Every structure is written in C-alpha cells, then in structure tokens.
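Down below is the structure, laid out as structure tokens.
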Amino acid sequence: MKLFVGLGNPGKEYEQTRHNIGFFVIDELAKRWGVSLTVAKFRGLFGTAVVNGKKVALCKPLTYMNLSGECVRPLMDYYGIALDDIIVIYDDLDLPPGKIRLRLKGSSGGHNGVKSLIRHLGTEQFKRIRIGIGRPTNGQPVADYVLSRFADEEQGAVETAVLRAADACERALSVPFAQVMNDFNE
C-alpha cells in the first residue's frame, strides 16, 4: 500500500493557510480517486482506494503540524506500510509560491512537521513533495506568515502547484520516484 501524507493543521481557522498546502493536495487526490476521508484511531483523517490496481491510502494528520509523526508512525505500523511506500507533502518557505520540488530524503529544513516525522520514523529516508509558499517580505514573523492565507495574486500559482503535486503522486504509482523527480522537479 502506498501512503500519501499531507501535512497541515486541523480546524476551520487553518483551512486555507499556507501551512496547510499538504492538506490541499490530499483533498485533490481524494476527489480524483473517490476517497472518503474519515477520522481514524490514529489521530488523523484517513481513507483508502485502489487506483490503477494499486492500493493507496491518504492521510491528513489531525495532531497539529508539530506532532505529525504521532499519527503517521502508528498508521504505518498498523497497516504494515514500508518506509519506501510513503510520500509526504508539505509547504516549503524556501521555494516561491507555485514551485514544487521532490526529494527522496533529506533533513527537515527547519519544518516542524517534518522534524516530528523524522523523530517518529527514526530516519530522514522518506520521499517528499515540497510545495513553495515563499517567505515573508514585510518583516512578518515566519510563524504568523505560515498561518496566513495566500495573497490573491498567488492563488493561480498555488492552484497549479497543488494540481502538479497531485499529478506527481499519481505518477509515483506507476514509475520509480526517481523518474517522477526527473519529470516534475522545476
């Protein structure tokens, strides 16, 4: 089973914020694949489907960003999902809005949700799709910026990035992730 995890924060007040762009991709995949996400005992929204003959699972941790690993590790253990079969999707301050970057592994880059995953998984060796949200330019604290909504002029680029990230997830079902990286990295 392939597990796609989108990082974000639960609750209405966070729904359309920059930090929740990983949730946007999971919502897009759920729509494409007809997956109903329901609350799971692992403190997350979870759903499964069969896509092109492959069993897939979608997850949106409800633990808040900084505790994402507390949802993902037990879920992987329960379903016997191998580390090589997860792809984590999240926001990245170091990429401009609309850009995506795929990696086979890596450090947290200061992202607290990824730090939690690394801590709970015991490794940095998991696939990820990073989606650019840009950096604050007006002296706004980063913590406030990631919890802000995208500006109107960013919406088109963000929507395109979400669709491209979902396309990359779909492609990862049929070819090795290294090939997906070649196809989608900008």
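Okay, so the sequence shown: first residue is 1240 according to the working numbering, each after it adds one. C-beta atoms are modelled at their ideal positions from N, C-alpha and C, and glycine is treated no differently. From a predicted model like this one, the values you see are computed outputs, not experimental measurements.
Straight through space, the alpha carbons of K1354 and E1363 are spaced by roughly 9 Å. The beta carbon of E1309 sits closer than 8 Å to those of R1282, P1300, T1302, S1355 and H1359, all from its chain and outside the five residues before and after it, given in chain order. Excluding its 5 nearest sequence neighbours in each direction, N1351 has C-beta neighbours in its own chain below 7 Å: M1304 and N1305, listed in chain order. Rounded to the nearest whole angstrom, the C-alpha separation of S1347 and F1365 is 11 Å. For A1279 and R1374, the gap between their C-alpha atoms comes out near 34 Å. Looking from the CA of D1330, the closest CA among N1424, V1264 and A1411 belongs to V1264. A direct Cα-to-Cα measurement between A1396 and I1339 gives close to 11 Å. Taking all protein chains in view, the Cβ of D1324 is crowded by 16 or more other Cβ atoms within 10 Å, so the residue is classified as buried. Listed in chain order, the beta strand (DSSP E) elements of length 3 or more contained wholly in the segment 1317-1395 are 1325-1331, 1339-1342 and 1366-1371. The residues G1286, A1288 and L1297, in chain order, have a CB closer than 6 Å to that of V1274 in the same chain once the five nearest residues on each side in sequence are set aside. When T1399, A1407 and I1372 are compared, the shortest CA-CA separation from H1258 is found for I1372.
If you draw a straight line from the Cα of N1291 to the Cα of D1422, it comes to about 20 Å. The three-state secondary structure of G1261, taken from DSSP, is helix. Here R1271 really is in contact with A1405; their C-beta atoms are around 7 Å apart, less than 8 Å. Selection L1341, G1361, K1251 and Q1394 evaluated against C1408 yields L1341 as nearest (Cα-Cα). Residue environment analysis places D1316 among the exposed positions, since fewer than 16 neighbouring C-beta atoms fall within 10 angstroms of its C-beta.
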